[in-house]
Amino acid sequence: MAAKNQYNVLVDMEDSVDYTQPATIESDGLEFQDFSNDTASKTTSLPPPAATPAAAPAPRSSFHNKPMWSLDYYSRFFDVDTSQVVERCLKSMYPVGDFANDTLEHQPDLYGPFWITTTVVFAVFVCSSLAGSLAAYMNSAEYEYDFRQLSYAVFVIYSYTFITPVVMWASTKYFGCQPSLLEIVDYYGYSMTVWVPISMLCVIPIDIARWVFVGVAFGLTAYFLVKNLYTIISRADAKTSRMILIGTIASHAVFCLVLKIAFYSYSVQV
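The sequence shown begins at 594 in our numbering and counts up one residue at a time.
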């Protein structure tokens with residue numbers, strides 16, 4: 594019999610369960626897998642990211658949709674830089690080549706004709722007043738400035754530069770020549786460039802020299818106008834073309850005579 598306060602415990606273990614610790618991980622059926630190739634293949638198989646579409650340019654306002662009485666409609670005709678205007682002025686005084694295609698490039702403007710005409714008005718009035726005062730001084734007479742000459746110069750020069758092209762356009766339009774009004778305005782407007790140096794030369798107090806200067810200006814500008822307008826006028830029949838051509842030269846001759854008599858005569862009454 595066992596001693597007091599002592600217990601005997603019997604543990605019955607089944608012999609059928611035989612468990613042994615595996616020596617390695619592989620022996621336990623586990624193995625490492627390499628996922629790097631799968632990741633790379635998935636990365637390469639992905640389609641490239643779609644390119645972000647460039648922002649479309651803001652649509653330019655169509656000037657043709659603007660009403661004719663708005664300033665936006667005419668703003669495109671003043672969209673020229675100084676180099677273009679200077680080149681067109683020089684080519685009008687040296688009329689070699691095709692002015693419409695090479696220089697104007699069928700992109701007429703109103704900036705040049707407007708400011709050239711304004712400059713001619715200023716040059717004619719100032720040089721006329723200067724020559725008149727010089728002639729009065731040489732004749733020992735008192736000279737009074739006549740500012741009505743300025744208004745007369747504005748009327749004559751602006752009328753010829755902007756009204757004559759409208760008449761030319763209407764005439765050629767009537768006979769089916771398909772003219773461009775703005776191109777005709779440019780021909781007349783840029784042809785006025787030569788009158789700036791001619792006005793300065795006409796300060797010389799020799800009347801025969803003034804006639805020579807005006808004659809040279811007439812021949813130069815008439816050649817420039819006829820050369821450029823003939824491409825339009827020639828679209829009509831031969832008889833109509835001759836009539837329009839004669840009218841063009843005659844109106845130009847009248848304009849030159851008016852300039853000579855009204856501004857380049859400098860008659861002084863002693």
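Quick reminder that beta carbons are idealized off the backbone N, C-alpha and C, glycines included.
Distance between beta carbons of residue j and residue i, contact taken as under 8 Å
i	j	result
F817	S784	5 Å
T824	Y781	15 Å between Cβ atoms; not a contact.
Y857	V807	6 Å
F561	A693	The question about residue 561 has no answer here: the residues shown for the chain are numbered 594 through 863.
A716	S792	4 Å
C770	C720	Contact doesn't hold; Cβ gap of about 37 Å is too wide.
L822	P701	Contact doesn't hold; Cβ gap of about 14 Å is too wide.
Y736	A729	3 Å
Which of helix, strand or coil DSSP assigns to residue i
i	result
I791	helix
P706	helix
L828	This sequence places Arg at residue 828; Leu is not what is there. Residue state, collapsed to three classes: coil.
S858	coil
V673	coil
V796	coil
P758	helix
A734	coil
H845	helix
G812	helix
Q742	helix
E698	coil
Y751	helix
F692	helix
C720	helix
Y823	helix
Y687	coil
G769	coil
K853	helix
Beta-carbon gap between residue i and residue j smaller than 7 Å
i	j	result
M761	I750	no
I839	I826	no
T786	I709	yes
T765	P772	yes
F718	A746	yes
P798	L727	yes
Closest Cα partner of residue i within the set the options
i	options	result
A551	F670, P790, C770, V714	Not covered by the structure: residue 551. The range shown for the chain is 594 to 863.
Q742	S773, I842, N694, L723	L723
F811	K832, E735, K853	K853
A815	F848, A802, K832, F671	F848
L703	V673, W804, S834	V673
V678	D691, Y687, S668, G705	G705
S844	V819, Y736, M731	V819
M686	L813, M731, V851	L813
T712	I801, C682, S668	C682
D779	S676, L697, P688	L697
W804	Y859, A831, A763, K832	Y859
F670	D695, H699, G690	H699
Any non-hydrogen atom of the ligand MG within 6 Å of residue i CB
i	result
I791	Here there are no bound small molecules, and the ligand MG is not part of this structure.
CB contact check: residue i to chain D, cutoff 7 Å
i	result
T710	In the displayed structure, chain D is absent; only one protein chain is listed.
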